[in-house]
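Contents: one structure, followed by commentary.
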Amino acid sequence: MRQDIAKYIHSCVKCQRYKILNRKPEGLMQTNIINQRFEVLAIDLFGPLPPTLEEERWILIIEDITSRWVELFSLKEATAEACAKVLINEVFLRYGLPRRIISDNGTQFVSAVMQQLTFCLGIQQTFIPLYHAETNMVERKNRDLKTQLGMLVEQDHSSWSIHLPAIRFAMNSARCNSTGYSAAYLTFGREMRTISDVTNDLSAVILNENFIAEITPKIQQLANTLKITKEITERTQDANQSARNEHRKPRPSYKPGDKVWVQCHFLSKAAQGFAAKLAPRRDGPYLILRQRGPASYEIANTKEPTIPIGVYHASALTTYVGDIEKLPEPVNPIRKRGRPPKKKEGSTKVIEPSQPKNHKLKEPGPCAYRLRNQRGRM
1 MRQDIAKYIH SCVKCQRYKI LNRKPEGLMQ TNIINQRFEV LAIDLFGPLP
51 PTLEEERWIL IIEDITSRWV ELFSLKEATA EACAKVLINE VFLRYGLPRR
101 IISDNGTQFV SAVMQQLTFC LGIQQTFIPL YHAETNMVER KNRDLKTQLG
151 MLVEQDHSSW SIHLPAIRFA MNSARCNSTG YSAAYLTFGR EMRTISDVTN
201 DLSAVILNEN FIAEITPKIQ QLANTLKITK EITERTQDAN QSARNEHRKP
251 RPSYKPGDKV WVQCHFLSKA AQGFAAKLAP RRDGPYLILR QRGPASYEIA
301 NTKEPTIPIG VYHASALTTY VGDIEKLPEP VNPIRKRGRP PKKKEGSTKV
351 IEPSQPKNHK LKEPGPCAYR LRNQRGRM
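Quick note, the sequence shown lines up with residues 1 to 378 if you use full-length UniProt numbering.
Next comes the structure, spelled out in structure tokens:
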């Protein structure tokens, strides 16, 4: 009887939706594999900011995962076309094509433009789980950029764009604790020369008669530095992983077909009399489709089990306990990112445009059907 009572309590739908889970979050920390420089890039958008004189409102942040080299570009509009142009002209044609690009699930990155760009250039596009920003390493640079911009602009908030070169120089010349070296040294093999620092000037070596004999040790030193950097980074990752996993527990072994609750992120709406504090903490249940990463899963609605609606980290999922045959309805169903909301049949009247007689419509081009099946908006 005790087991029946415990099972009945655990299967309470309202308790599973509203009660706080006093336990460690699920999903252990995963570390990145050290690659060659500019093989894996992390990108993110920062903004919107007050418009500058050139009507710029956004900052595109691009970071190399291996060397921690950072590029900052100001944009007028946060569109997929603008991001693609910057990536091609300022990154790919300067440092070469990467093998992988990591980004969040913003409409600029999941659009058909970015998917066509990465597909044509043979680049793997990786999206982080929804509402799990710590997966993207560039988020740390996003936080640092906010602090540095606030210190430099002071009261003139529209002058933020003129400070980007100085902030980029500071980020790339600063020593990184995880690698033990600065991003400039790992990228160019030397520290960037400043006004007050001439100790790393190589002009005396280059002008020497024994140039080859002098430069060979420098090349060997750079190769040894990259090897040491990899060892330091791996040790730092192991230390961070051990410290973080003390406050987490291994993820549950979800299988395709399992029912889970998804953590909610509601916003208060005073005009509609809605308070986020009184909203449910979890919603669902939803269906596990497949495992997309070491600690991330792709989910779908139970009514449309073949259509994925998003990828979530294991810490945002909770096992559903209850009657599988009588599943409750989600309070606020999750829609797939990048799709317009569906309209109910009969809610709006569709007015067909008038066509003149004997009017022949042009056949769509070969690209029309290919772009129609792409995810997101143009």
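Glycine included, each C-beta is placed from N, C-alpha and C at the ideal position.
For clarity, every value in this text was computed on a predicted model and none was experimentally measured.
{"Item": "My understanding is that Thr124 touches Arg100, with C-beta atoms under 8 Å, so please give their C-beta distance in whole angstroms.", "Value": "Correcting the residue identity first, residue 124 is Gln in this sequence and not Thr. 4 Å between Cβ atoms; contact."}
{"Item": "Over what stretch of residues does the beta strand (DSSP E) that includes His313 continue unbroken?", "Value": "Pro308 to His313"}
{"Item": "Of the choices Lys7, Met1, Trp69 and Phe188, whose alpha-carbon is the least far from that of Asp323?", "Value": "Lys7"}
{"Item": "Have a look at Asp144 and Lys76 and give me their C-alpha separation to the nearest angstrom.", "Value": "22 Å"}
{"Item": "Below 8 Å, can you find three or more Cβ-Cβ pairs linking the stretch 92-109 to the stretch 38-47?", "Value": "yes"}
{"Item": "What's the gap between the Cα of Thr126 and the Cα of Met114?", "Value": "12 Å"}
{"Item": "Between the beta-carbon of Ala133 and the beta-carbon of Asp104, is there less than 8 Å?", "Value": "yes"}
{"Item": "Assuming the contact rule is C-beta atoms closer than 8 Å, Tyr297 and Tyr312 should be a hit. Round their C-beta distance to whole Å, please.", "Value": "6 Å"}
{"Item": "Drop a sphere of 10 angstroms on the beta-carbon of residue 381, count the other beta-carbons inside from all chains shown, and report buried for 16 or more, exposed for fewer.", "Value": "With the chain running from 1 to 378 in the structure shown, residue 381 is simply not present."}
{"Item": "For Cys176, count neighbouring Cβ atoms within 10 angstroms of its own Cβ and tell me buried if that reaches 16, exposed if not.", "Value": "buried"}
{"Item": "Pull up the distance between the alpha-carbon of Lys336 and that of Lys259, whole angstroms please.", "Value": "18 Å"}
{"Item": "Nearer than 7 Å: is that true of the beta carbon of Asp64 relative to any heavy atom of the ligand ADP?", "Value": "This structure simply doesn't include the ligand ADP, nor any ligand for that matter."}
{"Item": "Suppose you measure from the CA of Ile162 to the CA of Phe169; what does that come to, to the nearest Å?", "Value": "13 Å"}
{"Item": "Taking the beta carbon of Ala184 as the centre, do at least 16 other beta carbons fall within 10 Å, making it buried, or is it exposed?", "Value": "buried"}
{"Item": "For the beta strand (DSSP E) that contains Leu45, what are its first and last residues?", "Value": "Val40 to Phe46"}
{"Item": "Note down, in chain order, each residue of its chain lying with its Cβ closer than 6 Å to the Cβ of Asn35, except the 5 sequence neighbours on either side.", "Value": "Thr66"}
{"Item": "In its own chain, which residues sit with a C-beta less than 8 Å from the C-beta of Cys15, not counting the 5 before and 5 after it?", "Value": "Ile9"}
{"Item": "What distance in whole Å lies between the Cβ atoms of Ser158 and Pro51, which are believed to be in contact at a cut-off of 8 Å?", "Value": "7 Å"}
{"Item": "Note down, in chain order, each residue of its chain lying with its Cβ closer than 6 Å to the Cβ of Phe109, except the 5 sequence neighbours on either side.", "Value": "Ser103"}
{"Item": "Determine the closest residue to Ala279 out of Tyr254, Arg292 and Pro330, with distance taken between C-alpha atoms.", "Value": "Pro330"}
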